[in-house]
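Working notes, structure below.
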Amino acid sequence: MKNTRRQIPLSVEWIPDEAGSAVPGRVRILDQTLLPLETRYIETTDTDVMWEAIRSLRVRGAPAIGIAAAMGVAAAAQAAAHEGVASVLAAAERAADRLSTSRPTAVNLFWAIERMRMSARAACDGGCDGKTLAGLLVAEACAMRDKDAAMCRAIGRHGVALLKDGDCVLTHCNAGGLATSEFGTALAPVYEAAALGMRISVFADETRPLLQGARLTAWELRQAGIDVTLICDNTAAQVMKEGRINAVMVGADRIAANGDAANKVGTYGVAVLAKHHKIPFYVLAPSSTFDAKCATGADIPIEERAAEEVTEGFGRRTAPPGVKVYSPAFDVTPAELIAGIICEKGVLRVPYRLAGNVTSD
Ligand code: MRU
284 MKNTRRQIPL
294 SVEWIPDEAG
304 SAVPGRVRIL
314 DQTLLPLETR
324 YIETTDTDVM
334 WEAIRSLRVR
344 GAPAIGIAAA
354 MGVAAAAQAA
364 AHEGVASVLA
374 AAERAADRLS
384 TSRPTAVNLF
394 WAIERMRMSA
404 RAACDGGCDG
414 KTLAGLLVAE
424 ACAMRDKDAA
434 MCRAIGRHGV
444 ALLKDGDCVL
454 THCNAGGLAT
464 SEFGTALAPV
474 YEAAALGMRI
484 SVFADETRPL
494 LQGARLTAWE
504 LRQAGIDVTL
514 ICDNTAAQVM
524 KEGRINAVMV
534 GADRIAANGD
544 AANKVGTYGV
554 AVLAKHHKIP
564 FYVLAPSSTF
574 DAKCATGADI
584 PIEERAAEEV
594 TEGFGRRTAP
604 PGVKVYSPAF
614 DVTPAELIAG
624 IICEKGVLRV
634 PYRLAGNVTS
644 D
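In this text, residue positions in the sequence shown follow the working numbering: the first is 284, and each later residue adds one.
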């Protein structure tokens with residue numbers, strides 16, 4: 284079976300130390316702010332570099348930032364490995380505290396960091412030495428990456444059953460391979476369909492202000508040989524009215540217990556349009572994106588971004604100096620607009636009673 288996803292570079296991976304080398308194991312991230320013009324990687328063991336990379340969206344997408352943060356904690360632990368177990372634990376906790384402040388909305392970040400803390404504390408309680416603890420944390424972060432890949436694969440298999448040959452999917456932002464370990468969430472059914480030999484095309488919203496749809500979704504789908512058409516955000520209503528869209532598939536940054544889903548700002552508007560045009564609107568996310576501690580979407584913290592991303596987003600000023608700007612990075616789509624939430628376990632439908640949370644498996 285053809286694996287089209289393999290033609291897209293990995294967004295985040297762990298580079299192990301080489302035997303006998305002075306270079307320690309480190310995190311490698313693809314700098315997504317440079318796409319589609321340049322494919323450049325950052326390799327680091329430094330928590331501050333990782334914090335900046337998450338904050339400025341060099342690595343982005345809910346599952347990918349969770350994995351990057353976990354690997355950042357592992358790298359900090361490894362750097363202290365020769366200092367004894369107490370120092371390794373302290374270094375891991377410090378990195379965990381710092382990376383938790385990088386972005387507020389995607390719960391995967393907190394889920395991954397919490398798992399790293401729990402693993403570290405359990406290993407210490409078991410009486411291990413510093414080197415063993417650091418090694419365990421590296422293994423835990425890599426296992427998280429592999430588990431995310433398996434969950435995305437499963438999402439693809441469940442999601443493809445909602446599509447038929449010749450369908451066209453509209454998506455918003457980037458919830459593809461670049462936003463995860465591999466395969467993506469919203470785009471996983473598209474890759475799965477391609478692997479099965481189905482003809483599925485995609486309309487990608489450009490996704491103002493940071494253009495994840497134009498820069499990333501259009502790029503990765505073209506890399507994979509998928510038929511993609513880029514549209515301005517304000518064209519979504521028109522293509523729906525023209526009868527070109529069979530399904531909307533988007534990712535999520537956090538899904539509340541009642542099924543309300545936070546995703547890139549503009550997603551809610553797309554859901555309203557889909558309802559009006561009687562097009563099914565699906566949210567695709569692994570259970571690491573569910574947050575049962577949020578009863579409804581009103582409990583989800585929404586990140587606000589800098590005004591310059593709106594007023595100078597194209598590398599030049601496009602608004603009068605001093606104009607007031609409001610720039611939430613995400614919005615919340617109410618559960619009643621969602622035809623189904625596709626996770627690794629299958630397709631969930633209303634009434635949603637989601638149980639996953641930061642301490643879930
Ligand atoms: O600000 P970003 O680019 O990190 O926002 C990403 C999204 O909104 C994605 O749709 C979401 O994280 C799901 S990724 C599988």
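Quick reminder that beta carbons are idealized off the backbone N, C-alpha and C, glycines included.
ask   = Which one of E335, E423, E586, A347 has the shortest CA to CA distance from P569?
value = The shortest Cα separation from P569 among E335, E423, E586, A347 belongs to A347.
inquiry  = If the criterion is Cβ atoms closer than 8 Å, does the pair V443 and P472 meet it?
reply    = Yes, Cβ-Cβ distance for V443 and P472 is below 8 Å.
ask   = Does the separation of the CB atoms of W334 and V421 fall below 8 Å?
value = No Cβ-Cβ contact shorter than 8 Å links W334 with V421.
ask   = Is the Cβ-Cβ distance between L470 and T490 less than 8 Å?
value = No, Cβ-Cβ distance for L470 and T490 is not below 8 Å.
query = Mind checking R343: buried by the 16 CB within 10 Å criterion, or exposed?
reply = R343 should be labelled buried.
request  = Name the one or two DSSP bridge partners that P611 has.
outcome  = As DSSP reads the structure, P611 sits in a beta bridge with E587.
message = Please tell me whether, using a cut-off of 7 Å, the distance from the CB of P387 to the nearest non-hydrogen atom of the ligand MRU is below it.
response = False, no ligand heavy atom lies under 7 Å from that Cβ.
key: R343 CB to nearest heavy atom of the ligand MRU below 7 Å   = Yes, the beta carbon of R343 sits closer than 7 Å to at least one heavy atom of the ligand MRU.
task = Could you tell me which residues DSSP puts in a beta bridge with V452?
result = Bridge partners of V452: V485, A530.
task = Using the DSSP secondary-structure output, state which residues sit across from I298 in a beta bridge.
result = R309.
ask   = Going by beta carbon distance, what residues of the same chain come within less than 6 Å of V630, once the five residues before and after it are set aside?
value = Correct list, in chain order: H441, G623.
inquiry  = Taking the alpha helix (DSSP H) that N546 belongs to, which residues open and close that run?
reply    = First-last for N546: 544-547, but that is the beta strand (DSSP E), not the alpha helix (DSSP H).
request  = With DSSP collapsed to three states, give me the class of D511.
outcome  = Correcting the residue type first, residue 511 is Val in the shown sequence and not Asp. DSSP, reduced to helix, strand and coil, places V511 within a strand of the structure shown.
ask   = Between E326, R400, G439, which lies nearest to A424 when the distance is taken from Cα to Cα?
value = Of E326, R400, G439, the residue nearest in Cα terms is R400.
ask   = For the candidate residues A602, T388, Y324, whose alpha-carbon lies nearest to that of P492?
value = Closest option to P492, Cα to Cα, is A602.
request  = Any chance you could list the alpha helix (DSSP H) runs of at least 4 consecutive residues sitting entirely within the segment 335-389, in chain order?
outcome  = Runs found: 345-362, 368-382.
query = Between A578 and A539, is the Cβ-Cβ spacing less than 8 Å?
reply = For A578 and A539, yes; Cβs fall inside 8 Å.
query = What is the rounded straight-line gap between the Cα of T328 and the Cα of R386?
reply = Whole-angstrom Cα-Cα distance: 19 Å.
task = Would you tell me roughly how many angstroms separate the C-alpha atoms of A345 and T463, rounded to the nearest one?
result = A straight-line Cα-Cα distance of about 7 Å links A345 and T463.
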